[in-house]
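> Reading the sequence shown from the start, the letters are residues 413 to 762 in my numbering. I'd like to ask some things about the structure below.
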Amino acid sequence: MNNRPLSTALFSCAIAASLAGCASVGPRGIELSRTDFNVAIQRTDAEQLLLNVVRQRYSDPVMFLDISSVSSSMSRSANLSLSGFFPQGLGSDSYNGGVGGSFSESPLVFYSPNTGERFVRQMLTPIDLRTLSLLLQSGWSIERVLLLGSESIAGISNSATGDGSFRKLVDQLRSLQRTEQLTFAIETYGTVDVLVIIPAASAVTTAAYLEVCRLLQIQPDGKPIRMQRAVGSRDASGNYLSIVTRSLFSSLYYLSNGVEAPPADTRSGVLQPRAVRGGIFDGGDLFNVRSSDSMPANAAIRVRYRDRWFYVPDSDPDTRTTFALLSILLLLQSSDTAKMSPLISLSPSR
């Protein structure tokens, strides 16, 4: 029996498999690694930001460790062995062989601690009005943006111990925004930016607009509401309402009020409950971080700190949205917003 064709076929198949294994990883390498790296970086960035919010709750120093670059090399190899014994005239052949291969990836991640003067300025510099304008013009909720990014407007304090007037103000502004009765713009006078909130003609007779005017102590005449960074209820000229913006550090501290205080840490004095008018701070629909002794299930973000788990439930879209806004603010504060073009810019004559 002549089995030479069979042995030749087996040898050819093995060679083909070996050559395929030695082929370049090429585009397949991107498919194998890019998404995984993307997901890992996004997840750990979120965990780091949550960690620093929790640190603020404990009055511990914040620390950010940036990923400066990621590189990865991939290799794929294959090996082939084939042997056979082909006795003449015995009617059967004996074969022995094998095909093997391996795939390896060597990622290299570079970290850089975010420290020094640049980091301090990033954390302590008040948020620019141009930044607020960019967020508002991009469709972010005015309620969420102003709660997170401002200390006061027209002398109305945005603090946990306030009388609730600020929350009433931003609630009414949000009501107008939902019905598309507000537009936003930025005006520039020399080096001074002015945030402009423009009510639609149809908004002037609404209860929400009238309440906004009452709280801001302005006439309900439908004119644009102009705000400039200043202390008090109005700027020195009296032409603009004042707005005091938060720093990123202040925003982290404000949101840390929404971190659930573990009872054991409160009893031991490790942290103090943050009292507000009427009781303990309630993050409401803005920001709530839960704590647990065991690893939480179904957490959108979770981090372990001081032997406990702190997490945002996946079923809490309000907190997740606020957290996303905080992440964007962190990025904007690390960039030069003065070089960014606003979506809408008005001439001062308007």
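Positions of the beta carbon are idealized from the N, C-alpha and C atoms, including for glycine. Predicted model only: the values in this text are computed from it and were never measured.
1. Going by the CB atoms, is the gap between residue 460 and residue 665 shorter than 8 Å?
2. What residues match up with residue 639 in a beta bridge as DSSP calls it?
3. Considering Cα atoms alone, identify which of 741, 717, 744 is closest to residue 470.
4. When the Cβ atoms of the region 618-638 are set against those of the region 529-547, are three or more pairs found closer than 8 Å?
5. Does DSSP put residue 557 in a helix, in a strand, or in coil?
6. Under 7 Å: does the beta carbon of residue 478 sit that close to some heavy atom of the ligand HEM?
7. Taking the beta carbon of residue 561 as the centre, do at least 16 other beta carbons fall within 10 Å, making it buried, or is it exposed?
8. Just grab the DSSP bridge partners of residue 723 for me.
9. Is it right to say residue 707 is buried, meaning 16 or more other beta carbons lie within 10 angstroms of its own, or is it exposed?
10. What are the residues that DSSP puts in a beta bridge with residue 571?
11. Can you name the residues that DSSP bridges to residue 531?
12. Express the C-alpha separation of residue 476 and residue 713 in angstroms, rounding to a whole number.
13. Would you report the Cα separation of residue 547 and residue 639, rounded to the nearest angstrom?
14. Could you spell out where the beta strand (DSSP E) holding residue 662 opens and where it closes?
15. Comparing alpha-carbon positions, which option in 669, 593, 554 lies nearest residue 571?
16. Taking the alpha-carbon of residue 728 as reference, which of 738, 702, 623 has the nearest alpha-carbon?
17. By Cβ distance below 7 Å, which residues in the same chain neighbour residue 636 in space, the five residues on each side in sequence not counted?
18. Given a cut-off of 8 Å on the beta-carbon distance, is the pair residue 559 and residue 660 in contact?
19. In the DSSP assignment, what residue or residues form a beta bridge with residue 595?
20. Can you pull the DSSP bridge partners for residue 538?
21. DSSP on residue 547, reduced to helix/strand/coil?
22. Over the uninterrupted beta strand (DSSP E) stretch that includes residue 565, give me the two end residues.
23. Between which two residues does the alpha helix (DSSP H) harbouring residue 678 extend?
24. May I ask which residues mark the beginning and end of the alpha helix (DSSP H) holding residue 577?
25. Can you look up residue 728 in the DSSP assignment and give me helix, strand or coil?
26. Kindly indicate which three-state DSSP category residue 477 falls into: helix, strand or coil?
Checking against the coordinates, here is how it stands:
1. Along the sequence shown, one-based indexing puts residue 665 at 253. Along the sequence shown, one-based indexing puts residue 460 at 48. Going by beta carbons, residue 665 and residue 460 fall outside the 8 Å limit.
2. Reading the sequence shown from its first residue, position 227 is the one you call residue 639. According to DSSP, residue 639 bridges with 607, 653.
3. Position 58 of the sequence shown, counting from 1, holds the residue named residue 470. Checked all of 741, 717, 744; the closest Cα to residue 470 is 717.
4. no
5. Walking along the sequence shown from the start, residue 557 turns up at place 145. Residue 557 falls in the helix class under three-state DSSP.
6. What this structure holds is no ligand at all, so the ligand HEM is not there to describe.
7. Position 149 of the sequence shown, counted from the start, is the residue given in the question as residue 561. By the 10 Å Cβ count, residue 561 comes out buried.
8. Looking up residue 723 in the sequence shown gives position 311. Note: residue 723 sits in a beta bridge opposite 702, 714.
9. Taking the first residue of the sequence shown as 1, we reach residue 707 at position 295. With fewer than 16 other Cβ atoms within 10 Å, it is exposed.
10. Numbered from its first residue, the sequence shown carries residue 571 at position 159. BP columns for residue 571 are empty, so no partner.
11. Numbered from its first residue, the sequence shown carries residue 531 at position 119. Residue 531 pairs with nothing; no bridge assigned.
12. For this step, residue 713 is matched to residue 301 along the sequence shown. For this step, residue 476 is matched to residue 64 along the sequence shown. So the two alpha carbons sit approximately 17 Å from each other.
13. On the sequence shown, residue 547 is found 135 positions in, with the first residue counted as 1. On the sequence shown, residue 639 is found 227 positions in, with the first residue counted as 1. Using only the alpha carbons, I get a separation of about 16 Å.
14. By 1-based counting over the sequence shown, the position of residue 662 is 250. Counting along the chain, residue 662 falls outside any beta strand (DSSP E), though it belongs to the alpha helix (DSSP H) covering 660-668.
15. Position 159 of the sequence shown, counting from 1, holds the residue named residue 571. That would be 669, whose Cα lies nearest to the Cα of residue 571.
16. For the purposes of this step, residue 728 is taken as the residue at position 316 of the sequence shown. It is 702.
17. Counted from its first residue, the sequence shown places residue 636 at position 224. Taken in chain order, the residues that qualify are 608, 609, 610.
18. Within the sequence shown, residue 559 is the residue found at index 147, counting from 1. Within the sequence shown, residue 660 is the residue found at index 248, counting from 1. Their beta carbons are not under 8 Å apart, which means residue 559 does not touch residue 660 by this criterion.
19. Taking the first residue of the sequence shown as position 1, residue 595 is located at position 183. In DSSP, residue 595 forms a bridge with 610.
20. Within the sequence shown, the letter at position 126 stands for residue 538. DSSP lists 659 as partners of residue 538.
21. For the purposes of this step, residue 547 is identified with residue 135 of the sequence shown, where counting begins at 1. Here residue 547 sits in helix by DSSP.
22. Sequence index remark: in the sequence shown, residue 565 carries index 153 (1-based). 562-565 is the extent of the beta strand (DSSP E) around residue 565.
23. For this step, residue 678 is matched to residue 266 along the sequence shown. 675-680 is the span of the alpha helix (DSSP H), which, as asked, contains residue 678.
24. Indexing the sequence shown from 1 puts residue 577 at position 165. Boundaries of the alpha helix (DSSP H) harbouring residue 577: 577-590, taken from the DSSP string.
25. One-based indexing of the sequence shown puts residue 728 at position 316. Looking at residue 728 - three-state DSSP - the assignment turns out to be coil, as it is neither helix nor strand.
26. Residue mapping note: residue 477 aligns to position 65 of the sequence shown, counting from 1. Reduced to three states, the DSSP call for residue 477 is strand.
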